[in-house]
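The sequence shown lines up with residues 10 to 292 when you count with the working numbering.
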Amino acid sequence: MNSRGVLPEFWEVFPSPGFVFKFSKLGIPTGDKDDAAKLFINVCHCNDLPPPLEDLTEDELATRIDSGDYTFRIPLTIGALEEVVDNKGKMSKKIDILVNSTFYEHRLASKNDKFYRHYLCMVMCDAIKDKHDIQLDPTNAITLVNRVKVGMIEPQRIIKKPQAGTKVKEVSEKAESSVVVELDASDTLKPDENEAIEDKTPGCFTIRWLGDKLELKLKVPEEITSEECLTLRLKSDRLQLLVRNSHSLFDFRFPVLIDPSVARSHFDVSKRVVVVSSRCLLP
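Here it is in structure tokens:
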């Protein structure tokens, strides 16, 4: 419950197990005589979390890190610190973490994905320090062989962090009088010569992130010939694009929080593309 006495909203997710990191001799109290407990990290995945904004190869990510660029982010959640019995019957601790399933399959599922697993471990250790005040050294992590989980993986609730929703209705091609939220040229990112979403299949979308700006392009079906029937709803963590306020064309959550109060949008009728831009609420 927050300071206003209002219960927060949650997404309930059902994780799938992936693999396990183990850390030893942490000095975490367990009730045993030896408090040098082991900590197991169940790396799990689900479709309810967004993937990273970019799908970088190991070489591309390594190049960025070598240049001092650490802006690549992996959306994840950190579960509760729980007790678990290890294979020797001793009490230990475990934490479940969640990442996006598509990202997991592409970059973490294989035992050969050692670079990405180590990068995830670094990000994870920082997040665990912030949430549980447990200091972990990523270089001490051991990946368990032939184990996909330790203990039980329970459904998790992921707290939503919406601000008041902003409803934006596209009503005409004429920018000067058509949209409730105008999209100025200064609010868009520079064109990407390799991007041509107008040629893609309806239902596709692209996300571009530069500095503190996020831009999305959403390809709508050909049968949508009038912007009058489109309604865009934005919250800080979620986008919905509706047809006639009922049928959902797009409904997904952002990998970062945005500021809906400064969002801008327009509908390009000729290309059947809805463009949305906003400022990111960077930590």
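Even for Gly, the Cβ is constructed at its ideal location relative to N, Cα and C.
Residue span of the beta strand (DSSP E) that contains residue i, given as start and end
i, result
"residue 55", "48-55"
"residue 114", "Residue 114 -> not in any beta strand (DSSP E); alpha helix (DSSP H) instead, spanning 110-116."
"residue 162", "Looking at the DSSP string, residue 162 is not in any beta strand (DSSP E), and its letter there is neither H nor E."
"residue 257", "256-262"
"residue 250", "247-252"
DSSP three-state assignment for residue i, whether helix, strand or coil
i, result
"residue 173", "For residue 173, the pLDDT reaches just 35, beneath the cut-off of 50, and the residue's location in the model is therefore unreliable, although a value from the coordinates is still provided. The answer is coil: DSSP assigns residue 173 none of H, G, I, E or B."
"residue 138", "helix"
"residue 124", "helix"
"residue 193", "For residue 193, the pLDDT reaches just 31, beneath the cut-off of 50, and the residue's location in the model is therefore unreliable, although a value from the coordinates is still provided. In this structure, residue 193 counts as coil in the three-state DSSP scheme."
"residue 237", "helix"
Start-to-end residues for the alpha helix (DSSP H) that takes in residue i
i, result
"residue 286", "No alpha helix (DSSP H) holds residue 286; the beta strand (DSSP E) holding it covers 282-288."
"residue 72", "67-75"
One or two residues paired with residue i in a DSSP bridge
i, result
"residue 103", "49 and 91"
"residue 152", "30"
"residue 275", "284"
"residue 217", "224"
"residue 267", "289"
"residue 22", "165"
"residue 86", "107"
Closest residue to residue i among the options (Cα-Cα distance)
i, options, result
"residue 250", "22, 275, 166 and 266", "275"
"residue 263", "254, 277, 246 and 272", "246"
"residue 243", "160, 86 and 284", "284"
"residue 83", "107, 75 and 101", "107"
"residue 49", "77, 72 and 159", "159"
"residue 66", "35, 124, 266 and 252", "124"
"residue 273", "288, 281 and 265", "288"
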